[in-house]
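Novice: The opening position of the sequence shown corresponds to residue -11 in my numbering, with each subsequent residue numbered one higher.
Glycine included, C-beta positions come from ideal geometry on N, C-alpha and C.
Here it is, the structure, as structure tokens.
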Amino acid sequence: MPPARLAEAMAYATSSIVAGQALAIAVCGRLAEARGPGAAFAAASAAAALAAAIALAARPTAYAAHGIRAATRAAGAPSDCGR
């Protein structure tokens, strides 16, 4: 990602986290009232597992193939630094 676009990308990421938390509170709160806290915990755990699976599936192939951490590449370090 070009350094000039980093602030915009971080703004989108932060806004997505806040929106996700607001949605989770609304959904899990109603679910806890209707079905109990166990159902709300199960729904939150399933959502977290789904998010982790999507993140792993969507990561760039260059990072996945070489085992390079995204933070190392974003800082402008040489490509062999994360090996």
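(1) Our contact map puts residue 28 next to residue 20 with C-beta atoms below 8 angstroms; I'd like the distance itself, whole angstroms only.
(2) Can the beta-carbon of residue 31 be found closer than 9 angstroms to that of residue 6?
(3) Quick one: what does DSSP say residue 26 is sitting in, helix, strand or coil?
(4) Roughly how many angstroms lie between the CA atoms of residue 92 and residue 8, to the nearest whole one?
(5) Can you give me the C-alpha to C-alpha distance between residue 4 and residue 22, rounded to a whole angstrom?
Specialist: If we stick to the structure as given:
(1) 4 angstroms
(2) no
(3) helix
(4) The structure shown does not extend to residue 92, since the chain is modelled only from -11 to 71, so the question has no answer here.
(5) 27 angstroms
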